[in-house]
Structures are given as structure tokens and as C-alpha cells.
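Chemist:
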Amino acid sequence: MLEKDIQEILFTEEQLKKRVEELARQIENDYAEKEVMFIGILRGSFVFLADLCRAVDLPCTLDFMSVSSYGTGTTSSGQIQIIKDLSEDITGRHVIVVEDILDSGNTLHYLLNILEHRHPASVRLCALLDKPERRVKPVELHYCGFSIPDAFVVGYGLDYAERYRSLPYVGILKPEVYGG
Ligand code: PRP
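Residue numbers 366 to 545, in my numbering, belong to the letters of the sequence shown in order.
1) Around the Cβ of Gly457, are there at least 16 other Cβ atoms within 10 angstroms (buried) or fewer (exposed)?
2) If I measure Cβ to Cβ from Arg499 and keep anything under 7 angstroms in the same chain, skipping five residues before and after, which residues do I get?
3) Measuring CA to CA, which of Pro503, Val519, Tyr534 and Phe403 is closest to Leu414?
4) Between which two residues does the beta strand (DSSP E) harbouring Asp495 extend?
5) Assuming Asp370 is part of the beta strand (DSSP E), what are its boundary residues?
6) Going by beta-carbon coordinates alone, are Gly405 and Leu381 separated by less than 8 angstroms?
7) Return the CA-CA distance between Gln372 and Val535, expressed in angstroms with no decimal places.
8) On a CA-only basis, which of Glu393, Asp450, Asp524 and Lys502 is nearest Asp465? Give me that one, please.
9) Under the DSSP definition of a beta bridge, which residues are partnered with Lys449?
10) When you compare only the Cα positions, how much space is there between Asp454 and Glu400?
11) Out of Ala526, Phe517, Gly522 and Thr472, point me to the one whose CA is closest to Glu505's CA.
12) Using beta carbons (cut-off 8 angstroms, strictly below), is His459 in contact with chain D?
13) Out of Ser433, Glu386, Glu387 and Cys425, which one is the CA nearest neighbour of Gly409?
14) May I ask which residues mark the beginning and end of the alpha helix (DSSP H) holding Val542?
Next up, the structure:
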């Protein structure tokens, strides 16, 4: 039903699963003997985070934050606001911020800065998708699922106008759907 709006599948369920497993092994190696605190940035990260945290064989805790970045359009405004803050204190914790996509960098540049000021033991960023050519603000990405070109992608948590998040794959939306 949603498939009719998809121009092309970029990453299948199998490809996503394989890459999540690879990222999980990397995280396990980097954080051996440590407890990780995954921070999911709502809402797009929820599918990736659910798969990633189950693939990582380490003690971990989970928390969530919600920030506004995009308005109603398709590019981030640079106006960032915390809608929901963390429930937990991150002081002394090994934090991994989990995102679905790193685009202009506006959101993560701001967010990582806020988190650094809360004195965690460490902060790293893990994003399933990266659009490097769109970067406006510098952001260090420690764990990157896939670098992608500047296309409008949906699925596996990513939305257009809150739809398509439930697609099990990542696909490129047909331009006529968003008036492109
Ligand atoms: C997306 C994504 C990041 C941000 C990245 O969230 O999850 O938070 O945009 O864009 P940037 O690098 O240009 O700042 P979005 O605002 O679409 O909200 P959502 O996660 O609820 O879909």
C-alpha cells in the first residue's frame, strides 16, 4: 500500500540487518567492560535503536530526547528546541546518541554540545544514514550505517509528514508525493 509512493529501495531489510550487526560488533569492541547509555532522538531513531540495542551484547540503558529541527518543509531550519528532555542524568555515563539520519548537522551539532556540558564520561554519535554533502554544521559521526546521496528517504523510522516510518526498508520517496 505504501510501496506505490516509493521510487526505489535503497536498503533492504536484509542489508539493514547486516549493517546493524556490523555496527553492534564495532560498539562492543569499543565499549568492552563498559555500560553504554543509548540516547534515542525521537522520533525517527526508534526502529534503528530498537534493532541496534538488541544486537549489542553489552550492559546498557536507554533514554530518549525529542528536539524540533525540521518545520513542515524538507530542510532543517537551524532553529532547534528541546521538546522532551532526558529522564536520566548522564553524568559519568558512556553515552551513544542514536539517530536515523545526519543531514545539515544543525540538530546534532546543537544537541551534542548540550550533552557535553552535562559531563558524561564520553559521548559518541551513531547514525544509520549520513548525507555528507548536505552538511552545514560540523558533526563528528563515530558510527555511520550508510552514506547516502541527497535524496528524500523514508522508512525504517524515517518519515515524510509523519508517514512511511513503518516501512521495513529505506526507500526513496517519489518526488510527486512531496511536490518535488
Ligand atoms: C531528523 C533526524 C535528525 C535531524 C537531522 O529529525 O532524526 O534529528 O532531522 O537533520 P539535520 O542534520 O539537518 O539537523 P526530524 O526533525 O525529521 O524529526 P523525526 O526524527 O521526528 O522524524
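Cβ atoms here follow ideal geometry from the backbone N, Cα and C, with glycine treated the same way.
Modeler: The answer reads as follows:
1) exposed
2) Cβ neighbours of Arg499 beyond the five flanking positions: Asp468, Ser469 and Asp515.
3) Phe403
4) Ser487 to Asp495
5) Run containing Asp370: none; DSSP gives neither H nor E here.
6) Taking C-beta atoms as the reference points, Gly405 and Leu381 fail to come closer than 8 angstroms.
7) Rounded to the nearest angstrom, the two C-alpha atoms are 11 angstroms apart.
8) Asp524
9) Ser431
10) Straight-line Cα distance between these residues: approximately 14 angstroms.
11) Thr472
12) Checking the listed chains, one finds no chain D in this structure; it contains a single protein chain.
13) Ser433
14) Pro540 to Tyr543
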